[in-house]
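Protein chains in written order, with the working numbering: chain A, 1 to 115; chain L, 1 to 111.
A short worksheet on the structure shown next.
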Amino acid sequence: DTEVTQTPKHLVMGMTNKKSLKCEQHMGHRAMYWYKQKAKKPPELMFVYSYEKLSINESVPSRFSPECPNSSLLNLHLHALQPEDSALYLCASSPDAGQPSYEQYFGPGTRLTVT
Amino acid sequence: GENVEQHPSTLSVQEGDSAVIKCTYSDSASNYFPWYKQELGKRPQLIIDIRSNVGEKKDQRIAVTLNKTAKHFSLHITETQPEDSAVYFCAASGNTDKLIFGTGTRLQVFP
Chain A
1 DTEVTQTPKH
11 LVMGMTNKKS
21 LKCEQHMGHR
31 AMYWYKQKAK
41 KPPELMFVYS
51 YEKLSINESV
61 PSRFSPECPN
71 SSLLNLHLHA
81 LQPEDSALYL
91 CASSPDAGQP
101 SYEQYFGPGT
111 RLTVT
Chain L
1 GENVEQHPST
11 LSVQEGDSAV
21 IKCTYSDSAS
31 NYFPWYKQEL
41 GKRPQLIIDI
51 RSNVGEKKDQ
61 RIAVTLNKTA
71 KHFSLHITET
81 QPEDSAVYFC
91 AASGNTDKLI
101 FGTGTRLQVF
111 P
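Structure (structure tokens):
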């Protein structure tokens, strides 16, 4: 399996809802990432997990809560989001973290709409 | 921190022509430079990458060149085809696990 998978593909949620995005890889990669991408913009890093531990949090609001249950899974828990949080949420993985830098492979993303 | 500039923002070429996209970076410690292709509604797809110990890398119709002294790197696509139409992002990475992306280039290849 050489892919990163994400569920759901689309999600519509109200500002009071709680939902979760899921990401899975079976490539034995030890680093996993969450990115947010707005239309016509590059991906913007949110979180990095290295060996199942949170290593980078790019000052993301607490209404986004990441979780790495094991080396293959990455979740993003969402609560009390704002309409401006509507975006494509991308998960990525790489063989390792740190130096030298490793290639990152992206999942197909979850298109999130907050109403 | 690292800053990556990318030009042009849009590029239109005739099928069969070559396309060149250029990026500059600010952090001399950056040592890894990938290029991603993103078709509309799809994931960013890694198409080629280069590390700082190499000046050029080719893979069929695509090539990347790196000039460490000038801190710029370029993507070259030869014999362009309509299916090359997409948004292309350059990125740079150095002493952290962070990929810093350029702003993207929308390439349109007209038949």
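Positions of the beta carbon are idealized from the N, C-alpha and C atoms, including for glycine.
Model, not experiment: these values are computed from the prediction.
_Candidates A/Cys-91, A/Tyr-102, A/Ala-87 and A/Pro-108: closest to A/Val-114 by CA position_ = Residue 114 of chain A sits at position 114 when you count from the first residue of the first sequence. Among A/Cys-91, A/Tyr-102, A/Ala-87 and A/Pro-108, the Cα nearest to that of A/Val-114 is on A/Ala-87.
Query - Entirely enclosed alpha helix (DSSP H) segments - the region 69-101 of chain L, minimum 4 residues - result: Listed in chain order, nothing qualifies, since the region 69-101 of chain L has no complete alpha helix (DSSP H) run of 4 or more residues.
- Message: Suppose the cutoff is 8 Å on Cβ atoms and the five residues either side in sequence are ignored; what does the same chain contact list for L/Ser-9 look like?
- Response: Taking the second sequence and counting its residues from 1, one reaches residue 9 of chain L at position 9. Same-chain partners within the cutoff: Thr-103, Gly-104, Thr-105 and Arg-106.
Subject >> First and last residue of the uninterrupted beta strand (DSSP E) at A/Asn-57 >> reply: One-based indexing of the first sequence puts residue 57 of chain A at position 57. Per DSSP, the continuous beta strand (DSSP E) segment holding A/Asn-57 begins and ends at 53-57.
Q.
What does the Cβ neighbour count give for A/Tyr-51, buried or exposed, with the cut at 16 atoms within 10 Å?
A. Residue mapping note: residue 51 of chain A aligns to position 51 of the first sequence, counting from 1. It counts as exposed.
Check whether A/Met-27 and A/Ser-101 have beta carbons under 8 Å apart = For this step, residue 27 of chain A is matched to residue 27 along the first sequence. For this step, residue 101 of chain A is matched to residue 101 along the first sequence. Using a Cβ distance threshold of 8 Å, A/Met-27 and A/Ser-101 do not count as a contacting pair.
If you check the beta carbons only, do A/Thr-43 and L/Phe-101 fall under 8 Å apart? For the purposes of this step, residue 43 of chain A is identified with residue 43 of the first sequence, where counting begins at 1. For the purposes of this step, residue 101 of chain L is identified with residue 101 of the second sequence, where counting begins at 1. According to the sequence shown, residue 43 of chain A is Pro rather than Thr. It is a contact, given that the beta carbons lie within the stated cut-off.
Checklist entry - Enumerated in chain order, which unbroken segments of the beta strand (DSSP E) with a length of 3 residues or greater are wholly contained in the region 47-98 of chain A? => result Secondary structure in the region 47-98 of chain A: the beta strand (DSSP E) runs of 3 residues or longer, each lying completely within the stretch, are 53-57, 64-70, 73-79 and 87-94 in chain order.
Taking only beta carbons into account, state which residues of the region 93-113 of chain A come closer than 9 Å to chain L, listed in chain order.
-> Near chain L, meaning a CB-to-CB distance below 9 Å, the residues of the region 93-113 of chain A are Ser-94, Ala-97, Gly-98, Gln-99, Pro-100, Ser-101, Tyr-102, Glu-103, Gln-104, Tyr-105, Phe-106, Gly-107, Pro-108, Gly-109 and Arg-111.
Assuming the contact rule is C-beta atoms closer than 8 Å, A/Val-4 and A/Cys-91 should be a hit. Round their C-beta distance to whole Å, please. Your numbering for residue 4 of chain A matches position 4 in the first sequence. Your numbering for residue 91 of chain A matches position 91 in the first sequence. Right, their Cβ atoms sit about 6 Å apart.
task = Please list, in chain order, all residues of the same chain as A/Lys-137 whose beta carbon is under 6 Å from its beta carbon, the five residues on each side excluded.
result = No statement about residue 137 of chain A is possible, as the shown extent of chain A runs from 1 to 115 and does not include it.
Could you compute how far the alpha carbon of A/Phe-47 sits from the alpha carbon of L/Asp-84?
Against the first sequence, residue 47 of chain A aligns to sequence position 47. Against the second sequence, residue 84 of chain L aligns to sequence position 84. Distance between the alpha carbons of A/Phe-47 and L/Asp-84: 31 Å.
Between L/Cys-90 and L/Val-4, is the Cβ-Cβ spacing less than 8 Å? Numbered from 1 along the second sequence, position 90 holds the residue referred to as residue 90 of chain L. Numbered from 1 along the second sequence, position 4 holds the residue referred to as residue 4 of chain L. Less than 8 Å divides the Cβ of L/Cys-90 from the Cβ of L/Val-4.
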